[in-house]
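>
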Amino acid sequence: MLQLAEDQSRQADAANRMKDEFLATLSHELRTPLNSVLGWARLLAGGKLDSSQTAKAIQAIERAGWAQSRLIEDLLDISRIVAGRLQINTRPTTVQPLVEAAVDSLRPAAEAKHITVTLSLDANAGAVTVDPDRVQQVVWNLVSNAIKFTHTDGHVDVAAGVHDGELVITVDDDGIGFPPEVAMHLFERFRQGDSSTTRAYGGLGLGLGIVRHVVELHGGTVTASSAGENAGSHFEVRMPVEPANAPAIAAPFPQPQLPSLRGVSVLVVDDDPQALEFVRSALEQSGAIVVTAGSAREAEARFSREPTDVVLSDLMMPGEDGW
Numbered sequence: 000m001l002q003l004a005e006d007q008s009r010q011a012d013a014a015n016r017m018k019d020e021f022l023a024t025l026s027h028e029l030r031t032p033l034n035s036v037l038g039w040a041r042l043l044a045g046g047k048l049d050s051s052q053t054a055k056a057i058q059a060i061e062r063a064g065w066a067q068s069r070l071i072e073d074l075l076d077i078s079r080i081v082a083g084r085l086q087i088n089t090r091p092t093t094v095q096p097l098v099e100a101a102v103d104s105l106r107p108a109a110e111a112k113h114i115t116v117t118l119s120l121d122a123n124a125g126a127v128t129v130d131p132d133r134v135q136q137v138v139w140n141l142v143s144n145a146i147k148f149t150h151t152d153g154h155v156d157v158a159a160g161v162h163d164g165e166l167v168i169t170v171d172d173d174g175i176g177f178p179p180e181v182a183m184h185l186f187e188r189f190r191q192g193d194s195s196t197t198r199a200y201g202g203l204g205l206g207l208g209i210v211r212h213v214v215e216l217h218g219g220t221v222t223a224s225s226a227g228e229n230a231g232s233h234f235e236v237r238m239p240v241e242p243a244n245a246p247a248i249a250a251p252f253p254q255p256q257l258p259s260l261r262g263v264s265v266l267v268v269d270d271d272p273q274a275l276e277f278v279r280s281a282l283e284q285s286g287a288i289v290v291t292a293g294s295a296r297e298a299e300a301r302f303s304r305e306p307t308d309v310v311l312s313d314l315m316m317p318g319e320d321g322w
């Protein structure tokens with residue numbers, strides 16, 4: 000009994016340490032892109048940047064925003080996984096374009112470290128039935144992970160194809176690798192190889208956990224292997240697939256576009272004045288006629304006086320919510 004109590008105590012202490020490390024890392028990962036946004040915003044507000052510097056600032060702010068958005072999406076996916084609510088939506092898909100789009104979106108990150116990324120696709124693979132968005136997420140996470148843990152001037156090799164009724168995706172790198180005993184922990188949520196890896200390379204250790212869950216929802220497996228530290232790594236995904244009977248749907252990363260909303264009236268409701276002003280400006284740039292309200296009660300009053308075509312509301316406001 001005493002031994003059992005001691006084991007449980009050690010497990011509880013380890014869980015608490017992991018939680019504390021995760022919260023500290025989360026704070027850092029959220030703050031890093033935010034610092035970039037605030038820093039560049041101050042320089043822009045100073046009005047002393049030339050056109051080239053202004054373009055650089057805008058690009059940096061956009062990159063930081065996307066980084067924070069992806070981090071938040073990963074956290075939301077983990078919460079869905081824990082609650083058993085993460086689902087897949089399978090449909091006929093051509094795999095090659097979505098793998099290529101995921102890899103291409105990461106080339107700037109690779110180029111910044113002078114990492115060569117090669118992509119090998121099975122040109123003869125036909126359409127298969129998978130969730131294209133989630134498969135693309137799997138590829139993005141695996142390749143992003145490889146780039147993160149590969150040194151400057153390194154190499155990352157990505158391959159995808161359909162073989163014997165399985166979609167096979169492999170990602171190889173010549174990066175830091177990992178000891179064999181670490182392999183079993185790589186796909187655990189909130190885990191990387193060890194805490195020093197987290198501090199040195201960043202990240203929350205969520206991506207591979209999401210990869211495993213998405214692959215398993217497709218009935219597949221994901222494995223990782225390495226010959227040891229600084230010996231690179233090999234990740235392999237295998238998912239059973241059926242040939243698609245309908246025309247395939249390619250799923251490249253969506254390119255942000257501003258649709259025309261000319262003549263559409265929109266009531267925007269948000270208790271955050273900055274968010275309210277941003278949404279108003281974005282909608283007006285697309286031609287919308289925008290009215291705003293800072294609370295649900297004010298929105299009801301405005302709508303009763305002047306009904307709009309669309310109501311866009313924050314769902315979490317003090318007092319009455321957006322519902």
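Numbering (numbering that gives the first Met the number 0), first residue to last: 0 to 322.
For every residue, glycine included, the Cβ atom is placed at its ideal position computed from N, Cα and C.
Rounded to the nearest angstrom, what separates K112 and F148 at their Cα positions?
Residue numbering aside, residue 112 sits at position 113 when the sequence shown is read from its first letter. Residue numbering aside, residue 148 sits at position 149 when the sequence shown is read from its first letter. Going from the Cα of K112 to the Cα of F148 covers about 11 Å.
> Can you pull the DSSP bridge partners for G160?
As a position in the sequence shown, residue 160 is number 161, starting the count at 1. According to DSSP, G160 bridges with V167.
> Go to P242, then tell me how far its alpha helix (DSSP H) extends in each direction, as first and last residue.
Position 243 of the sequence shown, counting from 1, holds the residue named residue 242. Careful: P242 lies outside any alpha helix (DSSP H) and carries neither H nor E.
> Assuming A109 contacts V116 (C-beta within less than 8 Å), just tell me the rounded distance between them.
As a working mapping, residue 109 is identified with position 110 in the sequence shown. As a working mapping, residue 116 is identified with position 117 in the sequence shown. Rounded, the Cβ-Cβ distance is 5 Å, consistent with contact.
> Below 8 Å, is the gap between the Cβ of P107 and the nearest heavy atom of the ligand FMN?
Among the components of this structure there are no ligands whatsoever, and the ligand FMN is therefore not found.
> Could you have a look at F186 and say whether DSSP puts it in helix, strand or coil?
Position 187 of the sequence shown, counted from the first residue, corresponds to residue 186. F186: coil per DSSP, three-state reduction.
> For V263, report the span of its beta strand (DSSP E) as first-last.
The count along the sequence shown starts at 1 and reaches residue 263 at position 264. From DSSP, V263 is part of no beta strand (DSSP E); its letter is neither H nor E.
> I think A324 touches P91, with their Cβ atoms under 8 Å apart; what is that distance to the nearest whole Å?
This structure does not reach residue 324, given that the chain is present from 0 up to 322, and the question cannot be answered.
> Fully enclosed by the region 40-93, which alpha helix (DSSP H) runs are 4 residues long or longer?
Those alpha helix (DSSP H) runs which fall completely within the region 40-93 and span 4+ residues are 50-82.
> When you compare the CB positions of G227 and G176, do they come within less than 9 Å of one another, or not?
Reading the sequence shown from its first residue, position 228 is the one you call residue 227. Reading the sequence shown from its first residue, position 177 is the one you call residue 176. Contact: yes.
> Step through the CB atoms of chain C and report whether any lies within less than 9 Å of the CB of H113.
In the structure shown, chain C cannot be found, because there is only a single protein chain.
> Cα separation between E305 and L260?
One-based indexing of the sequence shown puts residue 305 at position 306. One-based indexing of the sequence shown puts residue 260 at position 261. E305 and L260: Cα-Cα distance of roughly 18 Å.
> Got a sec? Which residues, its chain only, sit under 6 Å from T151 by beta carbon, not counting five neighbours each side?
Translated into the one-based positions of the sequence shown, residue 151 becomes position 152. Result list for T151: K112, H113, in chain order.
> Report all residues from its chain with a CB closer than 6 Å to the CB of E283; omit the five preceding and five following residues, and keep chain order.
For the purposes of this step, residue 283 is identified with residue 284 of the sequence shown, where counting begins at 1. Closer than 6 Å at Cβ, skipping near neighbours: V289.
> Residues bridged to F234 by DSSP?
Residue numbering aside, residue 234 sits at position 235 when the sequence shown is read from its first letter. Looking at the DSSP assignment, F234 forms a beta bridge with V170, A223.
> What is the DSSP secondary structure of H212, counted as helix, strand or coil?
On the sequence shown, residue 212 is found 213 positions in, with the first residue counted as 1. If DSSP states are grouped into helix, strand and coil, H212 belongs with the helices.
> Report the three-state DSSP secondary structure of L205 (helix, strand or coil).
Numbered from 1 along the sequence shown, position 206 holds the residue referred to as residue 205. DSSP places L205 in coil when its eight states are reduced to three.
> Below 8 Å, can you find three or more Cβ-Cβ pairs linking the region 228-246 to the region 263-275?
As far as the Cβ criterion goes, the region 228-246 does not touch the region 263-275, which means the pair count is below three.
> Which value, in whole angstroms, describes the spacing of the CA atoms of E235 and A54?
Here residue 235 is taken as the residue at index 236 of the sequence shown, counted from 1. Here residue 54 is taken as the residue at index 55 of the sequence shown, counted from 1. The alpha-carbon atoms of E235 and A54 are separated by roughly 39 Å.
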